[in-house]
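Asks: The structure under discussion is supplied below as structure tokens; questions concerning it will follow.
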Amino acid sequence: MSVLRKACRQCTVSKRKCIVQVPKCSRCAQKGLSCTYDLEPINAPTGKAELTPQLSFNPSNCDTPGYCVFKTLKIRPEDIDPAICRPGHEDAFELVRLGFQTVPEMLKADKPAVFVHPKLKTRLHSYDHVAVLREMGSAAVTEQNLTNLLHLNIKRVSMEEALTAVQALLIYLATILFAPDEGDNPDSVQYLNTLFAWTQALFPSAQNEMPRDQSPWQEWLFAESVRRTIVMSYALTMAMSSFKYGYCSNWLFLESLPFDSRAGLWVAGSPQAWIAAAHVRTGEEVGEQLKSYHEYSESRMGMKDDFYGDIFLKLLVNSHNGVN
């Protein structure tokens with residue numbers, strides 16, 4: 038039987054479900070598209086309307102940074118793009134505050150931060166761009182230090198220096214780009230492009246230029262520092278993208294990134310504490326047990342908070358699963 042059903046042109050052409058509302062449907066409003074409704078005859082069976090998906094959180098709290106509202110639906114329609122986020126939500130600021138802006142003061146206090154560990158040692162010939170943050174804390178986060186850092190040729194430095202350069206760049210950008218009085222920084226796109234290029238440079242280096250002849254603890258710290266820095270680099274880019282544009286194009290790649298998810302290892306302040314946290318007898322037995330962001334967050338669904346003070350793990354789970 039021929040019936041009339043209303044759907045906008047954009048959703049019809051894209052073969053997407055149209056959640057009708059005025060002046061624009063939900064999808065067009067989120068993507069900033071023009072929205073025009075036509076009435077067209079189509080063949081469709083009559084029957085009960087589909088149940089409206091129920092949100093597992095209060096939408097007034099805004100969607101989580103780098104992760105759109107549809108990822109938290111208990112019943113998510115398959116034709117809804119999970120990379121769409123509502124621009125301007127405040128959760129991006131919370132990710133930046135906890136994930137990046139706490140780092141300088143934690144380093145100054147000689148405590149493990151989200152993606153920078155104070156006990157990681159670099160070889161004498163490698164320059165440490167995070168050293169000024171260890172010494173001065175948040176007072177070192179200035180536009181002048183950022184400008185000086187951007188003169189670095191990331192492809193001509195050692196793996197250790199490249200790591201500290203990306204870490205420092207993350208801290209500077211998170212503070213400067215999300216400053217309350219910053220507004221639309223005209224250099225933000227250039228800054229993020231530099232961050233992306235530097236992060237990409239870490240990938241081949243991480244595989245081929247890992248420091249050798251170090252203790253098992255130092256080798257693990259270095260590898261995990263690289264992994265966490267890469268994860269947080271994409272997280273910052275996505276927070277900025279979702280806040281400004283309402284679209285997080287790299288969310289699927291971020292979910293595939295690995296790290297050692299064993300709680301307690303990162304916050305250990307000595308080799309002995311690190312070994313004890315892994316529940317083994319020697320450093321050689323600790324090894325690596327890697328999980329992707331998605332695998333780890335899914336495994337933590339509905340479980341209690343036992344991250345042993347590791348803010349990195351807590352941030353990932355809360356961003357993926359929502360705050361319970």
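Going left to right, the sequence shown walks through residues 38 to 361 as my numbering numbers them.
Every residue gets a Cβ at the ideal spot worked out from N, C-alpha and C, and that includes glycine.
Nearest to GLN181 by alpha carbon, out of ALA205, GLU198 and ALA260?
Replies: It is ALA205 whose Cα lies nearest to the Cα of GLN181.
Asks: Counting Cβ pairs, one atom from each stretch, are 3 or more of them under 8 Å apart for the region 290 to 309 and the region 347 to 355?
Replies: Yes, since at least three Cβ pairs between the region 290 to 309 and the region 347 to 355 fall closer than 8 Å, the two stretches touch.
Asks: With a threshold of 7 Å on Cβ separation, who are the neighbours of THR73 within its own chain once the five nearest residues in sequence on each side are excluded?
Replies: Counting only Cβ-Cβ distances below 7 Å, and skipping sequence neighbours, we find CYS45 and ARG46.
Asks: Helix or strand or just coil, what does DSSP make of PRO149?
Replies: In the structure shown, PRO149 sits in coil (DSSP, three-state: anything other than H, G, I, E or B).
Asks: Suppose you measure from the CA of GLY359 to the CA of HIS166; what does that come to, to the nearest Å?
Replies: Approximately 34 Å between the Cα atoms of the pair.
Asks: Give the straight-line distance between the Cα atoms of LEU110 and ILE267, rounded to the nearest whole angstrom.
Replies: Residue confidence for LEU110 is low, a pLDDT of 34 falling below 50, so the modelled location carries little weight and cannot support an answer.
Asks: Start and end of the beta strand (DSSP E) containing SER175?
Replies: Unbroken run through SER175: none, as it is neither H nor E.
Asks: Kindly identify the DSSP beta-bridge partner or partners of SER51.
Replies: Paired residue(s): none; SER51 is not in a bridge.
Asks: Would you say ALA168 and THR201 are within 9 Å of each other, going by their C-beta atoms?
Replies: It is a contact, given that the beta carbons lie within the stated cut-off.
Asks: When DSSP labels each residue in this structure, what does SER334 get in the three-state scheme?
Replies: Three-state result, SER334: helix.
Asks: Between which two residues does the alpha helix (DSSP H) containing PRO308 stretch?
Replies: Start and end: 308 to 315.
Asks: Using only CA atoms, which one of TRP257, LYS156, LEU258 and LEU207 lies nearest to PHE30?
Replies: In the structure as shown, the chain begins at 38 and stops at 361. Residue 30 is therefore absent and cannot be evaluated.
Asks: Using CA coordinates, which residue listed in TYR271, ALA216 and GLY136 is at the minimum distance from GLN237?
Replies: Nearest option by C-alpha distance: TYR271.
Asks: Can you tell which of MET269, SER334, GLU335 and ALA314 has the C-alpha that lies nearest to the C-alpha of VAL133?
Replies: Answer by Cα proximity: MET269.
Asks: Would you identify the three-state DSSP class for SER278, choosing helix, strand or coil?
Replies: SER278 falls in the helix class under three-state DSSP.
Asks: With a floor of 4 residues, list each alpha helix (DSSP H) that falls wholly inside the region 190 to 235, ordered by position along the chain.
Replies: Listed in chain order, they are 196 to 214.
Asks: Which of the three DSSP states, helix, strand or coil, is assigned to SER262?
Replies: If DSSP states are grouped into helix, strand and coil, SER262 belongs with the helices.
Asks: Look at the alpha carbon of PRO308 and the alpha carbon of GLY320, and state the distance between them as a whole number of angstroms.
Replies: So the alpha carbons of these two residues sit roughly 8 Å apart.
Asks: Using the Cα positions of MET143 and LEU273, report the straight-line distance between them to the nearest angstrom.
Replies: Near 19 Å, if we compare the C-alpha coordinates of LEU273 and MET143.
Asks: Could you tell me the boundaries of the alpha helix (DSSP H) in which SER293 lies?
Replies: Per DSSP, SER293 belongs to the alpha helix (DSSP H) from 288 to 293.
Asks: Which whole-angstrom value describes the C-beta separation of LEU352 and TYR333, a residue pair presumed to lie in contact below a C-beta threshold of 8 Å?
Replies: Actually they do not touch by this definition, with Cβ atoms about 12 Å apart.
Asks: Could you please give the first and the last residue of the uninterrupted alpha helix (DSSP H) stretch that includes SER71?
Replies: No alpha helix (DSSP H) holds SER71; DSSP gives it neither H nor E.
Asks: If ASP297 sits next to GLU256, beta carbons under 8 Å apart, how far is it from one beta carbon to the other, in whole angstroms?
Replies: Wrong, their Cβ atoms sit about 12 Å apart, outside the cutoff.
Asks: Beta carbon of THR30, beta carbon of GLU198: below 9 Å?
Replies: What the structure shows of the chain is the stretch from 38 to 361, and residue 30 is not part of that stretch, so it cannot be assessed.
Asks: Indicate the three-state DSSP secondary structure (helix, strand or coil) for CYS45 in the structure shown.
Replies: DSSP places CYS45 in strand when its eight states are reduced to three.
Asks: In angstroms with no decimal places, state the Cα-to-Cα distance between LEU186 and VAL226.
Replies: Distance between the alpha carbons of LEU186 and VAL226: 17 Å.
Asks: According to the neighbour-count rule (16 or more other Cβ atoms, all chains shown, within 10 Å of its Cβ), is ALA146 buried or exposed?
Replies: Flag for ALA146 reads exposed.
Asks: Per DSSP, which one or two residues make a beta bridge with PHE130?
Replies: Bridge partners of PHE130: none, in fact.
Asks: Under 6 Å Cβ to Cβ from PHE152, same chain only, skipping five residues before and after it: list those, please.
Replies: Cβ neighbours of PHE152 beyond the five flanking positions: ARG265, THR266 and MET269.
Asks: Leaving aside the five residues before and after VAL203 along the sequence, list all residues of the same chain whose C-beta is less than 7 Å from its C-beta, in chain order.
Replies: Counting only Cβ-Cβ distances below 7 Å, and skipping sequence neighbours, we find TRP235, THR236, LEU239, THR266 and SER270.
Asks: Excluding five sequence neighbours on each side, which residues of the same chain lie with their C-beta closer than 8 Å to the C-beta of ARG318?
Replies: Result list for ARG318: ILE312, in chain order.
Asks: What's the C-alpha gap between TYR363 and MET277?
Replies: Only positions 38 to 361 of the chain appear in this structure, which leaves residue 363 out of reach.
Asks: Less than 8 Å between C-beta atoms, sequence neighbours within five positions excluded: which residues of the same chain meet that for ILE56?
Replies: Result list for ILE56: CYS62, SER63 and ARG64, in chain order.
Asks: Considering only C-alpha positions, which residue in the set LYS148, SER329, LEU161 and HIS162 is nearest to GLU172?
Replies: GLU172 has its Cα closest to that of LYS148, out of LYS148, SER329, LEU161 and HIS162.
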